[in-house]
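Chains as they are written, first to last, in the working numbering: chain A, 1 to 309; chain B, 310 to 592. A virtual CB, placed ideally from N, CA and C, is assigned to each residue, including glycine. Structure first, then comments.
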């Protein structure tokens, strides 16, 4: 099983602290080193985004994020996430149920394949859809205007000006690909750890399959599911590389928020770029808050479970 | 005999095997497997010499060196400092620890484009951090060092989050036993603690390395896109795509995909080794 560091672990009960620790000087030095390192790579960047975003005042900030181009980028980002997240959520629950509740051959291969999108570079993720749906790709060969293999379909698509690459459907597909494993990755270890007993008991007591899922499984996995969805959403809204390959970057048509940030940055409108970037940074902070809250919730749940045993 | 029959003839109490298997395989094929196969299909339009010429062209070779080198050193730096961060978070108490712990995941949650422009601005010669390095002749933005900085940022949580649970689970009695037998703190660390954490550290290193190899968004802004100097392989692929040279882009993508698959396999083996290692330790 491939570990993915995004997987959330409910914190274990605190281990009692060592009596034979390091001398105070060493402690302080190590804490200092850790904090300096994290400052250079985490804290300062985070502070910088918001400082720079507001560098020209609140008026400029509000103006930048309410421009038509910005609003259309926000709208497109929401559309892509609104399609990708539910689809991957359904897939995640389905795959986790399959892997956690049944034994079958090839399970490990399936697990590795589910993880595959994590190890594919975002640029390649975009490229594969260009190769499938682009003018030089499979679909281009089948629906080529001169000699189409499916003339009726080709005419219909051309008549409706339906495009996938350099258009919204391509962006949605690339987003689905890069966020593909998130929910599944959260749920699989969680459901494996919970085992099958509760569901089997529910079945024996006469519950239908759906009742078992809604009344037994779902309440058990809701926190993990929530975290998976939040993480999936953060990645969906923030994806840059894959989307930038398939989008064509037509302003106010195929620019998502990250692509709009790049456009502003390339125009040397740095404050504008950081103003829009601050929206995504806020989303990241919300994601981290939800993560911490979910961990707190599930550890509280574990403690009550441990007490009642 | 009867017992054996009962065991081999398994009754599935829970429903949905066919439904979930069918949907999982369908969705996986549609979104991941078939599109990935397109890469290999497209490369087959090149002859072997053409393929070889593309993947060994000077800009590509320079980009491999940079991508591998920067990813390796970024993962190494992360292994060192990430270990200290994990250690400090597990063992010491200090003001704001909970917030620091939560923020370690920031590189997972922060979109790469945001990280990219932020690091580029911070580490430029006039930026908050870069201005301290510029007088020393160390230019980070628009140089190879910038690639390294961006890859360090995105790899940071991997080491911390793989090492942290192992450190939390370490049995304090082992350390107490070692010190009561006369080992000093340094010996306890090297001989008792470190060997138990090493597999997790190696797994985290490999994860950070693998993640860094494919990274694009956070690197392009800080690296400055100088051919032969600061272009990582995904940037070279992007450049070929911008020129609509799909065959070349695809050939380079094949090289990267093969490396990723080998790494994925390595991570699986490492994880298996780490699990075994831990279970023997606990036994």
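Query, Result
"I want to verify the contact list: residues of chain B whose CB lies under 8 Å from the CB of residue 132 of chain A, in sequence order.", "343, 344 and 347"
"Determine, using beta-carbon pairs with one atom in the region 400 to 415 of chain B and one in the region 491 to 511 of chain B, whether at least three such pairs fall under 8 Å.", "no"
"How many angstroms separate the CA atom of residue 460 of chain B from the CA atom of residue 215 of chain A?", "44 Å"
"Distance cutoff 8 Å, beta carbons only. Does residue 499 of chain B sit that close to anything in chain A?", "no"
"Under a three-way DSSP split, which group does residue 103 of chain A fall into?", "coil"
"Helix, strand or coil for residue 437 of chain B? Go by DSSP, reduced to three states.", "coil"
"Please decide whether residue 232 of chain A counts as near chain B, where near means a Cβ-Cβ distance under 8 Å.", "no"
"Note down, in chain order, all residues in the region 550 to 568 of chain B with a beta-carbon under 7 Å from any beta-carbon belonging to chain A.", "550, 555, 558, 559, 562, 565 and 566"
"Going along chain A, which residues have a C-beta under 7 Å from residue 351 of chain B?", "131"
"For residue 52 of chain A, which residues in the same chain have their Cβ closer than 6 Å to its Cβ, ignoring the five residues on either side in sequence?", "274"
"Assuming contact is defined by CB atoms lying nearer than 8 Å, are residue 403 of chain B and residue 31 of chain A in contact in what I supplied?", "yes"
"Could you check how far apart the C-beta atoms of residue 531 of chain B and residue 455 of chain B are, in whole angstroms? I think they sit under 8 Å.", "4 Å"
"What does residue 437 of chain B touch in chain A if you count any residue whose Cβ is under 7 Å from its own?", "44 and 48"
"By a C-beta neighbour count over all protein chains shown, 10 Å radius and 16 as the cutoff for buried, is residue 331 of chain B buried or exposed?", "exposed"
"Check the Cβ of residue 530 of chain B against every Cβ in chain A and list those closer than 9 Å, keeping chain order.", "262 and 265"
"State the DSSP-derived secondary structure class of residue 316 of chain B, mapped to helix, strand or coil.", "Residue placement at residue 316 of chain B is poorly supported in this model, since its pLDDT is 48, which falls under 50; the coordinates still yield a value, given next. Of the three classes helix, strand and coil, the one that applies to residue 316 of chain B here is helix, per DSSP."
"Helix, strand or coil for residue 228 of chain A, going by three-state DSSP, please let me know.", "helix"
"Tell me the start and end of each unbroken alpha helix (DSSP H) in the region 139 to 220 of chain A that is at least 4 residues and wholly inside, in chain order.", "151 to 159, 168 to 179, 182 to 194, 197 to 204 and 209 to 212"
"Count Cβ pairs between the region 428 to 442 of chain B and the region 344 to 356 of chain B that sit closer than 8 Å; are there 3 or more?", "no"
"Where do the N-terminal and C-terminal ends of the alpha helix (DSSP H) with residue 451 of chain B fall, by residue?", "No alpha helix (DSSP H) holds residue 451 of chain B; DSSP gives it neither H nor E."
"With a cut-off of 8 Å, does the C-beta of residue 502 of chain B fall near any C-beta of chain A?", "no"
"Can you find a CB in chain A that lies within less than 8 Å of the CB of residue 314 of chain B?", "Reliability fails at residue 314 of chain B, whose pLDDT of 48 lies under 50, so the model's placement of it is uncertain and no value is given."
"Can you give the Cα-Cα distance for residue 160 of chain A and residue 167 of chain A, rounded to whole angstroms?", "13 Å"
"Counting only beta-carbon separations shorter than 8 Å, does residue 401 of chain B have a partner in chain A?", "yes"
"Ends of the alpha helix (DSSP H) at residue 519 of chain B?", "503 to 523"
"Just to confirm, are residue 354 of chain A and residue 178 of chain A a CB contact at a threshold of 8 Å?", "For residue 354 of chain A there is no data in the structure shown, the boundaries of chain A being 1 and 309."
"State the CB to CB distance for the pair residue 236 of chain A and residue 84 of chain A, rounded to an integer number of angstroms; the pair is presumed to be in contact (CB under 8 Å).", "5 Å"
"For a minimum of 4 consecutive residues, which ranges assigned as the alpha helix (DSSP H) are wholly contained in the region 349 to 426 of chain B?", "357 to 364, 367 to 400, 406 to 412 and 415 to 418"
"Quick one: does residue 136 of chain A have its CB under 8 Å from some CB of chain B?", "yes"
"So within the region 521 to 552 of chain B, which uninterrupted beta strand (DSSP E) runs reach at least 3 residues, ignoring any that extend past its ends?", "none"
"Tell me which same chain residues have a C-beta within less than 8 Å of the C-beta of residue 546 of chain B, skipping the five on either side of it?", "558, 561, 562 and 565"
"Assign residue 52 of chain A to one of three DSSP states: helix, strand, or coil.", "helix"
"Let me know the secondary structure DSSP gives residue 272 of chain A once reduced to three states.", "helix"
"For residue 164 of chain A, which residues of its own chain have a beta-carbon under 6 Å away from its beta-carbon, when the five flanking residues on both sides are left out?", "133 and 170"
"Using the beta-carbon of each residue, which ones in chain B are nearer than 9 Å to residue 215 of chain A?", "Simply none; closest approach about 14 Å."
"How would you list, in chain order, the residues of chain A whose beta-carbon sits under 9 Å from the beta-carbon of residue 465 of chain B?", "37, 38, 41 and 42"
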